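Scroll down for the structure; my scribbles are underneath it.
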Amino acid sequence: MSAAVQHRLIERWLPALLGFGTLIVFLVAVEVLIRVGLINRYIVPLPTQIAAAFGRVVVDEDIVGRFRLTFIESFAAGAMITIIGVLVGMLLYRFPLWRRATETWVAALASAPTVLMYPLFLVIFGRSAWTIIMMGFVAGFPPVVLKTIEGLVTTRSVLVNVGRSLNLSSVQLFTKILFPAALPTIFTGVRLGLIFTLINVVGVEFLINFGGLGQLINDLAERYDLPGTYAAIFFVILVSILFFIAIEKAERWLRPAG
Amino acid sequence: MSQVASVGAQGSDGILVVDDIVKRFETAEGPLTAVDHVSLSVKPGEFLAVIGPSGCGKSTLFNIVGGLVDSYEGTVTVAGDRVRGPHPAIGMVFQEESTFPWRSVIDNVAFPLEITGMRKTERLERASHFISLVGLDGFERRYPAELSGGMRQRVSIARTLASEPKILLMDEPFAALDEQTRLLLGDKVLQIQQELQQTTLLITHNITEAVQLADRILVMTYRPGRVKRIVDIDLPRPRSSEIVSSEAFGHYVAQIWGDLREEASRGMRDEETRRKA
Chain P
1231 MSAAVQHRLI
1241 ERWLPALLGF
1251 GTLIVFLVAV
1261 EVLIRVGLIN
1271 RYIVPLPTQI
1281 AAAFGRVVVD
1291 EDIVGRFRLT
1301 FIESFAAGAM
1311 ITIIGVLVGM
1321 LLYRFPLWRR
1331 ATETWVAALA
1341 SAPTVLMYPL
1351 FLVIFGRSAW
1361 TIIMMGFVAG
1371 FPPVVLKTIE
1381 GLVTTRSVLV
1391 NVGRSLNLSS
1401 VQLFTKILFP
1411 AALPTIFTGV
1421 RLGLIFTLIN
1431 VVGVEFLINF
1441 GGLGQLINDL
1451 AERYDLPGTY
1461 AAIFFVILVS
1471 ILFFIAIEKA
1481 ERWLRPAG
Chain F
298 MSQVASVGAQ
308 GSDGILVVDD
318 IVKRFETAEG
328 PLTAVDHVSL
338 SVKPGEFLAV
348 IGPSGCGKST
358 LFNIVGGLVD
368 SYEGTVTVAG
378 DRVRGPHPAI
388 GMVFQEESTF
398 PWRSVIDNVA
408 FPLEITGMRK
418 TERLERASHF
428 ISLVGLDGFE
438 RRYPAELSGG
448 MRQRVSIART
458 LASEPKILLM
468 DEPFAALDEQ
478 TRLLLGDKVL
488 QIQQELQQTT
498 LLITHNITEA
508 VQLADRILVM
518 TYRPGRVKRI
528 VDIDLPRPRS
538 SEIVSSEAFG
548 HYVAQIWGDL
558 REEASRGMRD
568 EETRRKA
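Sequence lines, in order, name chains P and F.
In this text, residue positions in the first sequence follow the numbering used here: the first is 1231, and each later residue adds one.
In this text, residue positions in the second sequence follow the numbering used here: the first is 298, and each later residue adds one.
Written out as structure tokens, the structure is:
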């Protein structure tokens, strides 16, 4: 194997291996600290017990069905924050008076604990997946709007002038210059929004004891099945990982460089 | 009366004619005249440089000629056609870095052709030609982030040339570059201008650059920006950056600096007074 190939392999795999290795070291450290009694085993179960609980959780608790439901709810809310959030951001950019009139409200909504509004949403949408989806949407929507506006407003004026000098129509100016220039900032907004959305989806499932992984965590916690609870949390993290991989792929596809 | 009459800048054979332009801005301190009765004419294939101290209205003039400014007095015409907005015969190269970071070099250069609806194979072929012209062969698939500042500016020039403008309008395109790169890029611009017989209007504050590249240099006064003098540069063509070491080159630089020095000093004093206030 040539030195160049070796170097490429190291460049490609070393960060992943280091990350995985760090996780293993962390789990081993937790195992040791629990076994020597420095961490209370009735609060944090042994990592080996959590690993052993995976099979039970998968077989007995219909993890596939619950994972699918949480994934679909998160996907629906994620798609809504992306489509509606970007559209609203674009409209507020286009109409500066409306932007000045509403931007502070949207920013306030971004930092508000919207999860506390779940009783209202229960009344409106009933104890259904729609309550969970809408709660996820309300939490993730503001960052997408704010970052879309920021991305469009901060597009360098020289890029707009290049378009103007080439006599681009307003639609061409938007689709060919403003939007691609704003995409990295818009994606930052979508990532932020998705974090809030995923927290709210699982949180509301937990609170209203309905649906997917959030309800399962609630059930397992009430049964005091701590290894099972942590194993279920792993699947929540997996949903999050899948979404963030998808976003990264989408960004690379839409904007290969820059 | 326009300044042109006194300095003989206007010619009936000009492809680009700027006639008696006045541009005022409203500022907190009251109205400010940025460009005051400026006229100039550029003949087909000619390279005209406009030089002046910072704040003399050079960039305002650039934006007016490029059709990016609406309200001003006077007229700009291209081959007799009045400029009322961005004109298809004028291609602009900006001072700031203006490549699209999300497009590869070839897609950047092909951008003006894409807008016209040209077929992909044809536009890529034409873009490759202009990439080659600016000496960036082999970099077609690279992105601007992978290039140096000088290479990115060459991409901008190639993109503007790809739209095949009758007049190339450049606003201090090498301002952000170091002196050596600036001289070498000047060579490249000279080579392109000679090859395409490209009519060019260059806005600059760099005397060396202006003398190296131009057939004529229009010297502007500090605020309000007026035409102070027009200097014919009688240096042989084809030129290269080697000409900067010639005696004649030094003579022109000294002559223009003589004109500019007073204006630049006035600008500096004005800036200091404003900062004190």
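Even for Gly, the Cβ is constructed at its ideal location relative to N, Cα and C.
What you are looking at is a predicted structure, and each value in this text was computed from that prediction instead of being measured.
Taking C-alpha atoms, which residue in Val1336/P, Phe1409/P, Arg1453/P, Thr1252/P lies nearest to Met1320/P?
In the first sequence, the residue the question calls residue 1320/P occupies position 90. Nearest C-alpha to Met1320/P: Phe1409/P.
Taking Gly435/F as the query, report the chain P residues whose CB atoms sit under 8 angstroms from its CB, ordered along the chain.
Residue numbering aside, residue 435/F sits at position 138 when the second sequence is read from its first letter. Chain P residues near Gly435/F: none, gap ~17 angstroms exceeds 8 angstroms.
Residues in the same chain with beta-carbon distance under 6 angstroms from Met467/F, minus the five sequence neighbours each way, listed in chain order, please.
Mapped onto the second sequence, residue 467/F falls at position 170. So the qualifying residues of the chain are Val390, Leu499.
Using a Cβ-Cβ distance under 8 angstroms, would Ala561/F count as near chain P?
The residue you call residue 561/F lines up with position 264 of the second sequence. It does not: the Cβ of Ala561/F has no partner Cβ on chain P nearer than 8 angstroms.
For the segment 1381-1399 of chain P, list every residue whose C-beta sits within 8 angstroms of some C-beta in chain F, in sequence order.
Arg1386, Val1388, Leu1389, Asn1391, Val1392, Arg1394, Ser1395, Leu1396, Asn1397, Leu1398
Applying the criterion that 16 or more other CB atoms from any shown protein chain within 10 Å of the CB defines a buried residue, is Arg1482/P buried or exposed?
If you number the first sequence from 1, residue 1482/P lands on position 252. Label assigned to Arg1482/P: exposed.
Could you check whether Ala1338/P and Asn1430/P sit closer than 8 angstroms to each other, using their CB atoms as the reference points?
Numbered from its first residue, the first sequence carries residue 1430/P at position 200. Numbered from its first residue, the first sequence carries residue 1338/P at position 108. Not a contact, by the Cβ cut-off of 8 angstroms.
Using a C-beta to C-beta distance shorter than 9 angstroms, which residues of chain P count as neighbours of Ile454/F?
Indexing the second sequence from 1 puts residue 454/F at position 157. Chain P residues near Ile454/F: none, gap ~12 angstroms exceeds 9 angstroms.
Quick one: what does DSSP say Lys463/F is sitting in, helix, strand or coil?
For this step, residue 463/F is matched to residue 166 along the second sequence. Looking at Lys463/F - three-state DSSP - the assignment turns out to be coil, as it is neither helix nor strand.
Who are the near neighbours of Phe1250/P in its chain, counting only those whose CB is closer than 6 angstroms to its CB and skipping five residues on each side?
Position 20 of the first sequence, counted from the start, is the residue given in the question as residue 1250/P. Here the set comprises nothing.
Does the segment 313-323 of chain F come close enough to the segment 372-390 of chain F that 3 or more CB-CB pairs lie under 8 angstroms?
yes
What does Leu365/F touch in chain P if you count any residue whose Cβ is under 8 angstroms from its own?
Numbered from its first residue, the second sequence carries residue 365/F at position 68. Within 8 angstroms Cβ-Cβ: Asn1391, Arg1394, Ser1395.
Scan the segment 414-433 of chain F for residues whose Cβ lies nearer than 7 angstroms to a Cβ of chain P and list them as they occur along the chain.
none
So, is Gln392/F buried or exposed, given that buried needs 16 or more other C-beta atoms within 10 angstroms?
Locating residue 392/F in the second sequence gives position 95, counting from the first residue. Classification for Gln392/F: buried.
Could you tell me which chain P residues have their CB closer than 9 angstroms to the CB of Phe391/F, listed as they occur along the chain?
Translated into the one-based positions of the second sequence, residue 391/F becomes position 94. Simply Val1388, Asn1391, Val1392, Ser1395.
Expected contact under 8 angstroms - CB spacing of Lys1532/P and Thr1415/P to nearest Å
Only positions 1231 to 1488 of chain P appear in this structure, which leaves residue 1532/P out of reach.
Straight-line CA distance for Ser401/F to Ser460/F?
Residue numbering aside, residue 401/F sits at position 104 when the second sequence is read from its first letter. Residue numbering aside, residue 460/F sits at position 163 when the second sequence is read from its first letter. The straight-line gap from Cα to Cα measures roughly 17 angstroms.
Taking just the CA atoms, how far does Leu482/F sit from Arg451/F?
Position 154 of the second sequence, counted from the first residue, corresponds to residue 451/F. Position 185 of the second sequence, counted from the first residue, corresponds to residue 482/F. Each residue's alpha carbon lies about 8 angstroms from the other.
Nonlocal neighbours in the same chain, by C-beta distance under 7 angstroms from Gln490/F, ignoring five residues either side
Looking up residue 490/F in the second sequence gives position 193. Within the same chain, Gln490/F has close Cβ partners Phe344, Thr497.
Which of the three DSSP states is assigned to Phe344/F in this structure?
Against the second sequence, residue 344/F aligns to sequence position 47. The answer is strand: DSSP assigns Phe344/F an E or B state.
Measuring CB to CB, does Val1448/P end up less than 8 angstroms from Phe1436/P?
Residue 1448/P sits at position 218 when you count from the first residue of the first sequence. Residue 1436/P sits at position 206 when you count from the first residue of the first sequence. Looking at the sequence shown, residue 1448/P is not Val but Asn. Cβ atoms of Asn1448/P and Phe1436/P: closer than 8 angstroms.
Residue-chain proximity (Phe397/F, chain P), Cβ-Cβ < 8 angstroms:
Walking along the second sequence from the start, residue 397/F turns up at place 100. So, interface residue.
From the beta carbon of Ser336/F, is the nearest beta carbon of chain P less than 8 angstroms away?
Looking up residue 336/F in the second sequence gives position 39. By this cut-off, Ser336/F is not an interface position.
Presumed contact (8 angstroms Cβ cut-off) between Met448/F and Leu433/F, rounded CB distance
Along the second sequence, one-based indexing puts residue 448/F at 151. Along the second sequence, one-based indexing puts residue 433/F at 136. With a Cβ gap of about 6 angstroms, Met448/F and Leu433/F count as contacting.
What residues match up with Val338/F in a beta bridge as DSSP calls it?
Locating residue 338/F in the second sequence gives position 41, counting from the first residue. The sequence as given places Ser at residue 338/F; Val does not occur at that position. DSSP, once it has assigned bridges, lists Val314/F as partnering Ser338/F.
Less than 7 angstroms between C-beta atoms, sequence neighbours within five positions excluded: which residues of the same chain meet that for Ala545/F?
Residue mapping note: residue 545/F aligns to position 248 of the second sequence, counting from 1. So the qualifying residues of the chain are Leu532.
Simplified DSSP state of Met1320/P, which is helix, strand or coil
Numbered from its first residue, the first sequence carries residue 1320/P at position 90. DSSP places Met1320/P in helix when its eight states are reduced to three.
Note down, in chain order, each residue of its chain lying with its Cβ closer than 8 angstroms to the Cβ of Arg1386/P, except the 5 sequence neighbours on either side.
Residue mapping note: residue 1386/P aligns to position 156 of the first sequence, counting from 1. Counting only Cβ-Cβ distances below 8 angstroms, and skipping sequence neighbours, we find Ala1411.
Simplified DSSP state of Met389/F, which is helix, strand or coil
Residue mapping note: residue 389/F aligns to position 92 of the second sequence, counting from 1. Looking at Met389/F - three-state DSSP - the assignment turns out to be strand.
Closer than 8 angstroms at the beta carbon, the chain B residues around Ser460/F:
Of the protein chains in the structure, P and F, none is chain B.
I'd like to know if Ile464/F contacts chain P, where contact means its C-beta is closer than 8 angstroms to some C-beta of that chain.
Sequence index remark: in the second sequence, residue 464/F carries index 167 (1-based). Not closer than 8 angstroms to any Cβ of chain P, the Cβ of Ile464/F fails to qualify, so no.
Under a three-way DSSP split, which group does Val301/F fall into?
The residue you call residue 301/F lines up with position 4 of the second sequence. Low confidence applies to Val301/F: its pLDDT is 42, below 50, so where it sits in the model is not reliable, and the reading given next is rough at best. Helix at Val301/F.
What does a CB cutoff of less than 7 angstroms around His384/F pick up in its chain, not counting 5 residues either side in sequence?
In the second sequence, the residue the question calls residue 384/F occupies position 87. Taken in chain order, the residues that qualify are Gly364, Val375.
Assign Val1316/P to buried or exposed, taking buried as 16 or more other Cβ atoms, counted over all protein chains shown, within 10 Å of its Cβ.
The count along the first sequence starts at 1 and reaches residue 1316/P at position 86. Buried: at least 16 other Cβ atoms inside 10 Å.
Reference Leu1468/P, options Pro1486/P, Gly1441/P, Pro1275/P, Val1432/P, closest by Cα:
Counting from one through the first sequence, the residue named residue 1468/P turns up at place 238. The residue with the shortest Cα to Cα distance from Leu1468/P is Val1432/P.
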